[in-house]
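> Residue numbers (my numbering): 754 to 1132.
Ideal Cβ positions, reconstructed from N, Cα and C, are used throughout, including at glycine.
Given the structure is predicted, the values throughout are model-derived calculations rather than measurements.
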């Protein structure tokens, strides 16, 4: 770590000797702003009001009132400012006591001004570096939390998409949309509109007529509209109304982005539902038409069968009547045979026409089977 050769900052000298205070001021004033106090009590009072008002404290040990060790211990309850003890007591137990009370370094009186300056510079520089690292750590932690939060927000959207892709009605879509907004930690009212009406859902359940009216009117206020602590996000078929919009601008931005994407996704799903319902209605209408057509073909087949049966009967009766009439007509045998041949030939020609009817009947069967198969496939 590179340390600046001349760090600057504010120093507090705490010593009951005016001579030593001035000595330290002379050694350090070129590089630092210096203030002085003559007791531990005054030092604690100052730091209680402003815990981080100085970059370093030069602290005497023996003073009237509380000594330097006790002053340092109490300082450490509220402040992390570095403390360098300045004392003529340099026995081992004094050094240990200085560090146990929270001191960062120790300078023996009488001190060398250059040594004092170097120690102060180094301590202030390291304190600045520690603060910078702490700030960077906090920033990285904040970024990490933001990243995790974004992952969570994306998870809400993905879960909504995954759960709603198979939705086939608008009411279920409205309920799923409300559940998704709840995961963002805000209270929302949602409305999904369609050709036949709308579905409104709130945290309390179905929307009241007044709530439905509010959302319907809010839908005409543009894509995003904010008023007081409320914000509405609108699409053609979807509206989301937030009733407790946060005050924090960062949270506002994230929430605005997330709910806009959520509403846009719900809009796309609503369009898919419309297409599915239209396709289902068309399939139902087609099935009804196919069924009706198949019934009509069955009726035509039956009419053709009855016609053929009646024709057979009428022709048979006609032949019988003609043959009975021979007695009263006084025809010769040759004439009777000739008339009979004409009648029978005409009858045979007529019956041959029935062969065409049989072919028609087979075609009707093929058409009927195809229609009924198409009808079953469209269900």
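(1) In angstroms with no decimal places, state the Cα-to-Cα distance between residue 822 and residue 891.
(2) If you draw a straight line from the C-alpha of residue 878 to the C-alpha of residue 796, how long is it?
(3) Over the uninterrupted alpha helix (DSSP H) stretch that includes residue 1185, give me the two end residues.
(4) With 16 other CB atoms within 10 Å as the buried threshold, where does residue 1038 fall?
(5) Just mark residue 929 as buried or exposed, buried being the case when its beta carbon has 16 or more other beta carbons within 10 Å.
(6) What residue range is occupied by the uninterrupted beta strand (DSSP E) comprising residue 980?
(7) Return the first residue and the last residue of the beta strand (DSSP E) that residue 722 is part of.
(8) Between residue 982 and residue 1001, is the Cβ-Cβ spacing less than 8 Å?
(9) Check the DSSP bridge columns for residue 953 and list the partner residues they point to.
(10) Please state if the CB of residue 808 and the CB of residue 855 are separated by a distance shorter than 8 Å.
(11) On the criterion of 16 or more Cβ atoms from any shown chain inside 10 Å, does residue 911 qualify as buried, or is it exposed?
(12) Note down the Cα distance separating residue 1008 from residue 956, rounded to an integer number of angstroms.
(13) Where does residue 1018 land, buried or exposed, given buried means 16+ other C-beta within 10 angstroms?
(14) Could you tell me whether the region 969-989 touches the region 911-923, using the rule of 3 or more Cβ pairs below 8 Å?
(15) Going by the DSSP bridge assignment, what does residue 860 pair with across the sheet?
(16) Using CA coordinates, which residue listed in 832, 819, 775 and 792 is at the minimum distance from residue 802?
(17) Does residue 914 come out as helix, strand or coil in the three-state DSSP assignment?
(18) What are the partner residues of residue 1038, as DSSP defines its beta bridges?
(19) So, is residue 954 buried or exposed, given that buried needs 16 or more other C-beta atoms within 10 angstroms?
(20) Given a cut-off of 8 Å on the beta-carbon distance, is the pair residue 933 and residue 1015 in contact?
(21) Taking the beta carbon of residue 780 as the centre, do at least 16 other beta carbons fall within 10 Å, making it buried, or is it exposed?
(22) Enumerate in chain order the residues of its own chain whose CB-to-CB distance from residue 818 is below 7 Å, with the five nearest sequence positions on each side excluded.
(23) Which term fits residue 995, buried or exposed, when burial requires 16 or more other beta carbons within 10 angstroms of its beta carbon?
(24) By a C-beta neighbour count over all protein chains shown, 10 Å radius and 16 as the cutoff for buried, is residue 962 buried or exposed?
(25) Run the CB neighbour count on residue 935, radius 10 Å, all protein chains shown included, and call it buried at 16 or more, exposed below.
(26) What three-state label does DSSP hand residue 830 in the structure shown?
(27) According to the neighbour-count rule (16 or more other Cβ atoms, all chains shown, within 10 Å of its Cβ), is residue 872 buried or exposed?
(28) According to DSSP, is residue 939 part of a helix, a strand, or is it coil?
(29) With distances taken Cα to Cα, identify the nearest neighbour of residue 1155 among 1068, 1118, 844 and 1005.
(30) Please return the same chain residues whose Cβ sits closer than 8 Å to the Cβ of residue 920, not counting the five positions on each side in sequence.
(31) Which value, in whole angstroms, describes the spacing of the CA atoms of residue 842 and residue 813?
According to the structure data:
(1) Translated into the one-based positions of the chain shown, residue 822 becomes position 69. Translated into the one-based positions of the chain shown, residue 891 becomes position 138. So the alpha carbons of these two residues sit roughly 31 Å apart.
(2) By one-based count along the chain shown, residue 878 stands at place 125. By one-based count along the chain shown, residue 796 stands at place 43. Between the alpha carbons of residue 878 and residue 796 lies a gap of roughly 22 Å.
(3) Absent from the model: residue 1185. The displayed extent of the chain is 754 to 1132, so no value can be given.
(4) By one-based count along the chain shown, residue 1038 stands at place 285. A residue is called buried when at least 16 other Cβ atoms come within 10 angstroms of its Cβ; residue 1038 does not meet this threshold and is exposed.
(5) In the chain shown, residue 929 corresponds to position 176, counting from 1. The C-beta of residue 929 has 16 or more other C-beta atoms within 10 Å across all chains shown, which makes the residue buried.
(6) Mapped onto the chain shown, residue 980 falls at position 227. Judged by DSSP secondary structure, residue 980 falls within the beta strand (DSSP E) whose first and last residues are 977-980.
(7) Because the chain spans 754 through 1132 in this model, residue 722 falls outside it and cannot be assessed.
(8) Within the chain shown, numbered from 1, the residue matching residue 982 stands at position 229. Within the chain shown, numbered from 1, the residue matching residue 1001 stands at position 248. Taking 8 Å as the Cβ cut-off, residue 982 and residue 1001 do not qualify as a contacting pair.
(9) By 1-based counting over the chain shown, the position of residue 953 is 200. Per DSSP, 944.
(10) Against the chain shown, residue 855 aligns to sequence position 102. Against the chain shown, residue 808 aligns to sequence position 55. Their beta carbons are not under 8 Å apart, which means residue 855 does not touch residue 808 by this criterion.
(11) As a first step, residue 911 must be located in the chain shown, where it is residue number 158. Exposed is the call here.
(12) Position 255 of the chain shown holds residue 1008. Position 203 of the chain shown holds residue 956. Distance between the alpha carbons of residue 1008 and residue 956 is about 18 Å.
(13) On the chain shown, position 265 is the one that residue 1018 refers to. With 16 or more Cβ atoms within 10 Å of its Cβ, residue 1018 is classed as buried.
(14) Output reads no: the region 911-923 does not touch the region 969-989.
(15) The sequence position of residue 860 within the chain shown is 107, counting from 1. The bridge partners DSSP lists for residue 860 are 839.
(16) The residue you call residue 802 lines up with position 49 of the chain shown. Answer by Cα proximity: 832.
(17) Here residue 914 refers to the residue found at position 161 of the chain shown. Three-state DSSP puts residue 914 in a helix.
(18) Along the chain shown, one-based indexing puts residue 1038 at 285. Paired residues: none, contrary to the question.
(19) As a working note, residue 954 is residue 201 in the chain shown. Label assigned to residue 954: buried.
(20) For the purposes of this step, residue 933 is taken as residue 180 along the chain shown, with counting starting at 1. For the purposes of this step, residue 1015 is taken as residue 262 along the chain shown, with counting starting at 1. Yes; because the gap between Cβ atoms is below 8 Å, this pair is in contact.
(21) Your numbering for residue 780 matches position 27 in the chain shown. Around the CB of residue 780, 16 or more other CB atoms lie within 10 Å, so the residue is classed as buried.
(22) In the chain shown, residue 818 corresponds to position 65, counting from 1. Counting only Cβ-Cβ distances below 7 Å, and skipping sequence neighbours, we find 792, 793 and 794.
(23) The sequence position of residue 995 within the chain shown is 242, counting from 1. With 16 or more other Cβ atoms within 10 Å, it is buried.
(24) As a working mapping, residue 962 is identified with position 209 in the chain shown. Its Cβ having fewer than 16 others within 10 Å, residue 962 is exposed.
(25) As a first step, residue 935 is located in the chain shown; it is residue number 182 there, counting from the start. When all chains shown are included, residue 935 counts as exposed.
(26) Counted from its first residue, the chain shown places residue 830 at position 77. Three-state DSSP puts residue 830 in coil, outside helix and strand.
(27) Against the chain shown, residue 872 aligns to sequence position 119. Classification for residue 872: buried.
(28) Residue numbering aside, residue 939 sits at position 186 when the chain shown is read from its first letter. In the structure shown, residue 939 sits in coil (DSSP, three-state: anything other than H, G, I, E or B).
(29) This structure cannot speak to residue 1155, because the chain is shown only from 754 to 1132.
(30) Your numbering for residue 920 matches position 167 in the chain shown. Hits under 8 Å: 926, 929, 1022 and 1026.
(31) Your numbering for residue 842 matches position 89 in the chain shown. Your numbering for residue 813 matches position 60 in the chain shown. Rounded to the nearest whole angstrom, the CA to CA distance from residue 842 to residue 813 is 10 Å.
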